[in-house]
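Protein chains in written order, with our numbering: chain S, 1 to 475; chain D, 476 to 684; chain A, 685 to 1342; chain E, 1343 to 1638. We put the CB at the ideal spot given by N, CA and C, even for glycine.
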Amino acid sequence: MIFFYLVSSLIFASALLINRNALINKLLVLGFLVLQISYTVFTFMHQNVVEATYFMPDALAVLMTVTLTIIAIPTLLHRYDYMYKEQDTPNNQGLYYGAMVIFVMALTAGYLASYIAVTWIFVEITTLSASVLIFHRRNAGSIEATWKYIFVCSISLVFVFIGILLLSLAMGDQYGAGMQYNTLIRLAPSFNPFWLKLAFIFIFTGYTVKLGLIPMYTAGIDAKDKAPTPAAALFSSVLMNLGFVGIFRMYLITAHSSILGWVNTIILITALLSVFIATVYMMKVKNIKRMLAYSSIEHMGIVMIGIGVGGIGYYAAILQLILHSFMKSSLFLQVGHLYKTFKSKEIFAMGNYFKYNTSGGIFLLLAFFGITAIPPSGLFISEFYIIIALVKAHALIILIPLLSLLTIITWAYGKNMFKILFIPSMNFDKTGIEKSNPYETLSHYLLLALVVYLGFFPPTTFVALIQTTIHSLPI
Amino acid sequence: MTTILLIVFIISLLYFAIANRLMTYVKILALQGILLFGVALIELIEINVLNLIFILFETIVVKTIAIPLFMRYIIKKNKITREAEPYVSYFASLISITLIIIATFMIANYIHDTHLNKIYFIAALSALFSGLYFISTRRKIITHVICYVVIENGVFILSLAVGHNMPMLVNLGILLDVFVSIFLLGIFVNKVGDVIDEGDVTQLSKIKD
Amino acid sequence: MPIIEIKHKSILLIITELFIVIFSSIFTIQALTGNTTRILLVGTIVTGVVPIVTDPLAAWFILIINFTFFTGAIYGVNYMKAFHAQKAQLSLHWISYLLTHICLLAVCVVQNMLVFLLVWEIMAISSFVMVIFESEKPKTIKAGINYLIQSHIGVLILTIAFGWVYIKSGSFLFDAIRIFAHTVSASESFGLMLLFFTGFAFKSGFIPFHTWLPYAHPAAPAHVSGVMSGVLIKIGIYGILRMLFLLPTNYVAIGVVILVVSVITGIYGVMLAIVQHNLKTLLAYHSIENIGIIGIGIGVGCLGIGSENFPMAVIGFAGALLHTLNHSLFKSLLFYGAGNVYQATHSVNIESFGGLIKRMPHTAFLFLIASLAICGLPPFNGFISEFLIYSGLISGWIHGSFIYVFMSVFGVFGLSVIGGLAILCFTKAFGTIFLGTPRHTFDHEIHESNCMALIPMYVIATLIVAIGIFPFYFVQALWLPIQQFTGSMPNENMLAVLTSLNVVQQIGIASLYFIALAGVVWFIRKQLTKDRVITYNETWGCGYVAPNPKMQYTASSFVRTYRKLAESILQFHKYKKEIKGIFPNEAFQTILPLDRIETYLINAPLKRIRYWLNRFSFLQNGSLQFYILYGLLFIMVLITIPFIGHFYHFMVHLLNTF
Amino acid sequence: MIIASLFISGIIVQTKSITSGRKGPGIMQPMKDIVKLLKKGSVYSKTTSWIFQLAPTIYFSSILMAMSMLPLGGSRGLFSFNGDFVFFAYILATGKFFNIISALDTGSSFEGMGASREALFSMLAEPAFFILMGSLALLTGFTSFDAIFQSLHFGSYITYALGIIATFILLMLTMIENSRMPVDDPKTHLELTMIHEAMILDNSGFDLGLIFQATNLKFVLYGMLIVNMFIGNLPLYTTIPLFFVIQMAFGISIGLIESFIARYRMGHNAQFVLILSSLSLLILFSVLLISNKFNS
């Protein structure tokens, strides 16, 4: 089935590449969506069934795949609403959609991969397809962003590869067993801690480029800034999830070995520093997309703090991850509407959005509360759990800085958001603002509602999936 | 025998540190390719033939011939000045590369592993770190690509070290190497080259906060 | 709501309000007559069971909330007529108004920590949306964000507190707090209580957590400020009371803490209030002062419980609760008065007013009543509650050990100073706004606001007078809520309590007598002076023949003597241009008071933080080399750290060998 | 007591004039003034409103009210309940409030000045009164005027000391409340130095009469407090003459003070007033000392 999926999505991609007709283009996209949805359902049905020896949809994979599919639908469809559609040649359209399809496909496969090296391959593929998306505008800025993104990603992926090699060294005599995640977890207690540590360092450092932590978060910011908003929505949500999957699977391996304490320390320090960096730039940036990108960094920092502190933090981390994906992708989609209204990404050029696009304005208002984890946002629940975990672990040295940084971030967010929403901007001509009809905002509202719903009324299957994901971890 | 080759490889890194012309870099790359070929030949002689041929092809054709030629072509095409123009003086780079190598030796000193010949580890890590070091101290974009290839060589060595256990990893490494190098260079030739006449990286640092 | 016409919108609003009020009041009345309503909602996996309990304490607050919100709605509908242009924003405003009301009610009745936080925060943000209604002014947005952030900090503190309880007890129910108190040590539960107090203090604006208040209130529309300062900050008081009730802790210690903080709050608030020139800011600072008075009441109650002094506890809590009601009444009345003045003159600067009593007599009359009430003067309601607190303090003063006497003296001292200063402040406010001659000529005609605005104000005013004259009934209504706190106490001397509460009846009679007396004297005066010749003339200017409005005493000159005294404590910015030379050229002097606590506690640290954060902004410097370098350094550091340890051991070994 | 009030200021004036070696006007002179004023018609400023006309009435009646709360000897006041001295203080404050705003109503700068000073000083004076009464309450254990005065008996010498200090404080409070020397000089002719007198510049006729009468009543009011402190619960027929005697002494003493103390600078007044508070605190702690509460 996975082969069918991969092959057919490749076919779709290539068809999109060669096709020049807008209608067929639409149809192909819809077709791919159908494929994606059906395959998601399939994985959901056949959990923990090994496919083609290299793939196995375990709980984490299923969670991530469902998230991806839900987000992929609006991101692929909303493309048609954005103002810069007319300046696209059919050629670009085709390239864009082909890359989109490959990207989604690679993400799905990356989640599902049950071999550490296979995950790595698909991460590489996401990098390449992502770079096509970033390059979509073909101006100096996008070239620079693309170049940086590719380069930093390639270097990081080299790190990951080295990590994998070191891991194979860590296995010692048992290399015959193969580098399947379950096998690695099983064998982890007998690993050589020296090699394991080295391997973790390299793999962690490598995957931070996708997850968006220090040290390698840097290129991702530019990518999210320069990519078209739907692509950026994917970058800042599901792509980060892929990075998380990579790190989390490695974490699971280390969790069964003797070096867990050391790993947790590293993760906590890194995560807190990431939140700090995010704060520094949230105060500073004047570009809405970059601001959102930094806020993703902040959220990933919180997630990793949850992982590092353990206990109920594991549950909270995964919850936070998923909710953040929905929240952030919907925000990025809304940014597309903002760009449509104000023809600019600079915050000082925007203003009084509430007046020009009421539905969008209300969404932005609610989304502000959603993203800053102010109840009724579901993120509040996950952060609440993380705070509890920190208090329980007596980690006040983490808790207090974290909370103060979060407060500053909330303030910065509020400052910019309400500038956009209410304060009219100087020398902005109100002529030629096309009214965006409310249905375009509908999907954003749905995603927002999903965040609240999953936060406060999580369905039992959802909770069960998260529980099974973390069941093997020491509570 | 492999030890000697690898030591030569490490020395080539030192030479890389003090070399001041782009062409020299390219030559060093070719040299490293040959060295890797030798190492691979000796190390992996016993694995199956097809795989071996594949690896040798990679080392000889890609690393030794194709990439260096490609580089020369780019340098010619974009009329990049021949000088390397690093940020830090050659002497300083020499010192730091030496330090890196010593550090890797020290690290290797802590390894008690029967499966690994330490010299591989040393060569690989020093190649990695010095490659990173070069990237962050050289000004030209083309040098970044060259240094990336150096890093790739290091990775290749490491994969050779574990190669007899898991050939799959070696092949993967090779695939990555080929794929990414081609990709990077392709972009470079097509896009970056024409927007940026003189391949100075300062022109690629517009986006910042 | 956006579809509906404005007119219908307001009607719809009123109807909804009415519905909410009636619906919630049913339970309230039941609760106050003794039978508490308990409903158990099945929550979700996350929250767990959600008990909805309407006990007397909640009921009392619900009554206050309902009254204030209802009158506020009626007043607001009329006030908002000026803003009919921006339809969408208006409907958003009214939706959030209703939301705030509902959430306030929910906060009172919900007994599940998580849901409590949820509704609490929804209330905060919806009230925030109300505050930023006039959003075209950047100042408004600034004030709104300030408010939002500070209340968020409060929520974070509460979150930590609740999380603490959750860890210990593993349940989100409020009863878990009680269990918590039994399981852990006294000091720990005291710490928890302090956390709660701090968290709620942010909302109710105790010093030093008050700094959002003087910005948010003036920024909001009049009815919103009335509602906010009437009930929204009281909800913090509710939280404190609820936690005191749930968390049996060292009552003496917490009482002392609350009392001291409250006295400081009260004095500081009124001291700053006097020197304000923006009417609404002045009123906002007075809210802080009144919170202080309420807090004194609570402190007295706690001390009473702590010292097993039953009358003291009862009277203290009674005073606190009654003052909560009273303050919500006269403060909303004052804000509505301010709103009328603002709509008539489009200004809130006291210095620019004068002689408004001739233009808007009704507003002036209502404002006068409210001012008398807020100064705690008989025969109005403010006096009753302050009197209760006084007598509570004195009863603690008479029977009780040294610490109680000391605290009570402190309290009495504070309360009397607050009273005096309040009189100074409101003579200033009323005098300069409504009396004398206009100090500033407005380019438009000033006229009394219409009856729709005045009706709710008159309703409030009548209630104020009613409480002043027939306080006993209201105090009776308080009996059950108080017993929630004191029920556990041995109350053998019930008689003393009842007498001490009956006192208020005599006060009522005395007030009546006073009014009658005044009436009689007035009547006599009328009789005697009706055939006298009454001539009208200029004010006597000490022989000066050409008096003009500039000659009269302004607000700032009125409080100059005071300011000289207070300058040591408070902080002022003076911009002055003295008159020089023989021929006086133009000269001015403007004094704007600063909140010293704010300067030192909020602004300075913020500035430092910003500066400090900016020093790290070199990281994303756009050059690829650095990005790679970060990775290199990261790995290097992680690898070398263990080796440093090894190296250290090696050196130690080396040194030992020699 | 009303009767006494009629003479009190006369007595004061008399004493002053005697001490300053003049032959003062008869004791009845102030009475005559007031009666004359009550007969007069009145002149109102154009700027004033109904506040201005209402205020004197309320001022007057507030003082009557306060007076009706004081006990005299055995006979308790019309109203007496626990903590009625709070009511006492606040009802006076009500009167003062109206007095002040009526002054502001005229829009004259002098009256504003007077009003501001009046408000400030009486505000500062309040704590002193409260703490004094409180400490008396602490001494006796009761919280209403008559109960306090009933059970107030000077046992030991220290209580006598207390009594004396308390008397002094009350005396000074009287001076402040009625804005006499040394805080204020009613007989000055420079408005800038007036407090109380400045406030009533524009009142005339009946109102002025009311205010004067109210002022006199106020003297008596504080006089009565002092009186009550010394005469415990004696039967009425003894208290009445005793009362008059003490009132007389009170008036004379005020006269003496006025004639021998110079008026303070306005700046100093605040300190002077605050001194009273500290004094009353002194009383409080000495009371604490007596009813040894420290060790508990």
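Think of a sphere of 8 Å around the beta carbon of Ile1328 of chain A: no beta carbon from chain D falls inside it, the nearest being about 11 Å out. Around the beta-carbon of Val1629 of chain E, 16 or more other beta-carbon atoms lie within 10 Å, marking it buried. In this structure, the straight-line span from the alpha carbon of Phe874 of chain A to that of Pro995 of chain A is close to 24 Å.
The beta-carbon distance between Ile806 of chain A and Pro458 of chain S, rounded to whole angstroms, is 20 Å. This is too long to meet the 8 Å contact definition.
The Cβ atoms of Leu801 of chain A and Thr731 of chain A do not sit closer than 8 Å to each other. The three-state reading of DSSP puts Ile150 of chain S in helix, counting H, G and I together. Close partners of Leu591 of chain D in chain A (Cβ separation under 7 Å) are lacking, with about 17 Å as the shortest Cβ gap. Cβ proximity to chain S below 8 Å picks out Leu840, Thr843, Ile844, Gly847, Trp848, Tyr850, Ile851 from the segment 840-863 of chain A. In the structure shown, the three-state DSSP call for Leu857 of chain A is strand.
Going by C-alpha positions, Val49 of chain S is about 16 Å away from Phe4 of chain S.
In the structure shown, Thr895 of chain A adopts coil according to DSSP, grouped into three states.
Within chain A, the C-beta atoms nearer than 7 Å to that of Pro424 of chain S come from Glu820, in chain order. Lys821 of chain A sits exposed, since fewer than 16 C-beta atoms from the chains shown fall within 10 Å of its C-beta. In the three-state reduction of the DSSP assignment, Pro1122 of chain A falls in the coil class. Rounded to whole angstroms, the gap between the alpha carbons of Ala515 of chain D and Leu644 of chain D is 14 Å. Taking C-beta separations shorter than 7 Å and ignoring five residues to either side along the sequence, the partners of Leu331 of chain S in its chain run Leu292, Ala367, Ile371, following chain order. Annotation: the continuous alpha helix (DSSP H) that includes Tyr565 of chain D extends over 565-584. For Thr1008 of chain A, the enclosing alpha helix (DSSP H) starts and ends at 994-1029. In the DSSP annotation of this structure, the continuous segment of the beta strand (DSSP E) that includes Thr721 of chain A starts and ends at 721-725. In the DSSP assignment, Thr40 of chain S falls within the alpha helix (DSSP H) that extends over 22-45. Minimum Cα-Cα distance from Ser487 of chain D among the listed residues D:Ala598, D:Pro642, D:Ser634 corresponds to D:Ala598. Residues are counted here when their Cβ sits less than 8 Å from a Cβ of chain D; for the segment 1295-1316 of chain A these are Ser1301, Gln1304, Asn1305, Gly1306, Ser1307, Leu1308, Gln1309, Phe1310, Ile1312, Leu1313, Gly1315, Leu1316, given in chain order. The beta-carbon of Ala145 of chain S is placed less than 8 Å from the nearest beta-carbon of chain D. Put simply, the backbone Cα of Ala1250 of chain A is about 10 Å away from that of Val1243 of chain A.
Within the segment 126-141 of chain S, those residues whose Cβ lies closer than 7 Å to any Cβ of chain D are, in chain order, Leu128, Ala140, Gly141. For Thr738 of chain A, the uninterrupted beta strand (DSSP E) segment begins and ends at 734-738.
Within the segment 1369-1436 of chain E, the complete beta strand (DSSP E) runs of at least 3 residues fall at 1384-1387. One finds Leu633, Ser634, Val637, Leu644 in chain D with Cβ atoms closer than 7 Å to the Cβ of Leu165 of chain S, taken in chain order. Taking 8 Å as the cut-off, the Cβ atoms of Ala900 of chain A and Met912 of chain A count as close. Residues of chain A with a Cβ closer than 8 Å to the Cβ of Ser156 of chain S are, in chain order, Gly1315.
Going by C-alpha positions, Tyr952 of chain A is about 10 Å away from Phe890 of chain A. Sequence-distant partners of Tyr175 of chain S (beyond 5 residues in either direction) whose C-beta falls short of 8 Å from its own C-beta, in its chain, are Ser168. Under the three-pair Cβ rule at 8 Å, the segment 972-980 of chain A does not count as touching the segment 1024-1033 of chain A. Gln1255 of chain A is bridged by DSSP to A:Leu1278.
Check the Cα spacing between Ile221 of chain S and each of S:Phe248, S:Arg290, S:Pro193: the tightest is with S:Arg290. Chain-ordered, the chain D residues with CB closer than 9 Å to the CB of Tyr281 of chain S read Asp684.
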